[in-house]
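Residue numbers (UniProt numbering): 1 to 559.
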């Protein structure tokens, strides 16, 4: 384990203030602007915030040349402001795949990269009104008035990035928001936060800091019926990142961007897992679970639930692009968020999570409770029976109610009213099904976004209750660094934001020979250490990488 970085290191924002080791680790990224700091104050909006839409083109290959011309015009006519952010975008009348575009970019360039895919517009919910105001089917409807609804976004480079080595604070949120505005809804900051920023950072997570967000320099947007390529330039003289520096960096990045598209590379079916290791070992894991049960069932602690995780490391025999793994997840899980975050020269954090933390649009905020897991049945009859078993399981119902009511109470603090519809339902994914409830409310203050994030994370589904007692138990007993696993992952925008819970995820290291995922077990009074089926033996028999992907999709858990 590496020692935690000093708080001041996260505030560095100018090139000549960084250490040589930081420059080596981040390479070209240290030339970009870190928006977390500066003399200008983090609560003052930048002077210019614009989106300029150029003439549409028929195919993606025509977009980059048009953007290069627009950059030349922009450089010749710079804005007269000390700070700002400008987005140039070219609509494409053809729908193209953002992941294919990202995979076509150079794998050797030392630039940050990101990908974020929204969850499917319709959720397969079969509701059962057991508590509250449930009943009826639920779905997520498209806002017909929003002409720019994104399906997925891929980004390369950073117009401005935000990274800290301390817990994400109000000042950091304000630093991000000053580069965003309601009139430019597609200027967004994409990234993730640690599950617990107060714990020691392991070496494999150092490049991410305690939070890591970027506004991409070059971005490919996949829309519902079309697509778009965009460039973003940001500058702030108070951060010693002038217009000319930002322009030079943008032009350098643009030279590395490919206009070519190719079919997504597929996972080699012969790729195998040559070795794997679980930490802690099963014996130590059982001891931790028993210790949790003793505390929960005792009278000396208020702890009623804790969610323990276990780190699993896999070595594969063939170097594999993390985007290939992500594409394999995306192909089979349409009703989940897919994400990919990779700082320069660092491992890639990828995931396929079904769980929404929250979505905000102006004053309206939604969240969901998700708990309990069962596999899907092979036949309709078997699937129905498994679903009924989950709906009426006492253990799973306890966990579900804990999660739902915790979210309700947190939303009531910042919302005028909170609705739950349905109050209990089956959420059916391609391979698994969960208990689910949909919650919504109206914010008292549109600037309560920071409060939403900090109050809803960590959720009882990935931590426990009460939050601080559960978090303390996890810190003292898990013996490894969760990093960004189970932390918030998503984006901030000027009038909208959305975050998921970073579960069902993996950290794919450079060279793509090591893969890590973290299965969990929820411990409540009726739990037992051996209450979930063992899957390690199955891995010994079937060491195909495809099996790993099935587990990260949520088919099973490893104990």
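Just so you know, even glycine gets a beta-carbon here, dropped at the ideal spot from N, CA and C.
Ranked by Cα distance from residue 460, the options 323, 384, 44 and 407 are led by 407.
In this structure, the beta-carbon distance from residue 392 to residue 369 does not fall below 8 Å.
The Cβ neighbour count for residue 449, taken over all protein chains shown within 10 Å, is at least 16; the residue is labelled buried. Inclusion of residue 425 and residue 440 in the CB contact set at 8 Å is not warranted, their separation being larger than that value. Taking 8 Å as the cut-off, the beta carbon of residue 442 is found closer than this to the beta carbon of residue 416.
Spatial neighbours of residue 257 in its own chain (CB-CB distance under 8 Å, excluding positions within 5 residues in sequence) are listed in chain order as 64, 105, 156 and 218.
Between residue 36 and residue 84, the CB-CB gap reaches or exceeds 8 Å.
Residue pairing by DSSP places residue 222 opposite 152 and 227 in a beta bridge. Counting C-beta atoms within 10 angstroms of its own C-beta, residue 379 has fewer than 16 neighbours from the protein chains shown and is therefore classed as exposed.
Secondary structure in the segment 31-96: the alpha helix (DSSP H) runs of 4 residues or longer, each lying completely within the stretch, are 63-76 in chain order.
Of the residues assessed, residue 362 falls on the exposed side of the cut-off, its CB having fewer than 16 other CB atoms within 10 angstroms.
Residue pairing by DSSP puts residue 364 in a beta bridge opposite 361 and 442. Bounds of any beta strand (DSSP E) do not take in residue 394; it lies within the alpha helix (DSSP H) bounded by 394-414. The shortest CA-to-CA distance from residue 384 to any of 398, 433, 239 and 263 is the one to 433.
Residue 488 has 501 as its beta-bridge partners, per DSSP.
Residue 381 counts as exposed, since fewer than 16 other C-beta atoms from the protein chains shown sit within 10 angstroms of its C-beta.
Ranking 494, 504 and 498 by CA distance to the CA of residue 45 puts 494 first. Taking residue 371 as reference, the option from 205, 95, 305 and 181 with the minimal CA-CA separation is 305. Under the DSSP assignment, residue 192 falls in the beta strand (DSSP E) whose first and last residues are 189-193. When the beta-carbon positions are compared, residue 54 and residue 88 come within less than 8 Å of each other. By alpha-carbon distance to residue 66, the top candidate from 52, 78 and 77 is 52.
Rounded to the nearest whole angstrom, the CA to CA distance from residue 483 to residue 202 is 8 Å.
Taking a C-beta distance under 8 Å as the contact criterion, residue 338 and residue 227 do not qualify as a contact pair.
Taken through DSSP and simplified to helix, strand or coil, residue 341 comes out as strand. Here residue 92 is buried. Its C-beta has 16 or more other C-beta atoms within 10 Å.
In the three-state reduction of the DSSP assignment, residue 387 falls in the helix class, which pools H, G and I. DSSP places residue 282 in the uninterrupted alpha helix (DSSP H) bounded by 282-297.
By the 16-neighbour rule on beta-carbons within 10 angstroms, residue 216 is buried.
DSSP, read as helix, strand or coil, puts residue 113 in strand. The DSSP-derived three-state label of residue 420 is strand. Taking a C-beta distance under 8 Å as the contact criterion, residue 152 and residue 192 do not qualify as a contact pair. A buried status is given to residue 344, since no fewer than 16 other beta-carbon atoms sit within 10 Å of its beta-carbon.
Cβ-Cβ distances below 8 Å link residue 330 to 99, 117, 338 and 352 in the same chain, with the five nearest sequence neighbours on each side left out; the list follows chain order. Residues of the same chain with a CB within less than 6 Å of the CB of residue 490, apart from the 5 flanking positions on each side, are 498, 499 and 500 in chain order.
Residue 240 and residue 205 have their C-alpha atoms spaced approximately 28 Å apart. In the displayed model, residue 327 falls within a helix according to three-state DSSP.
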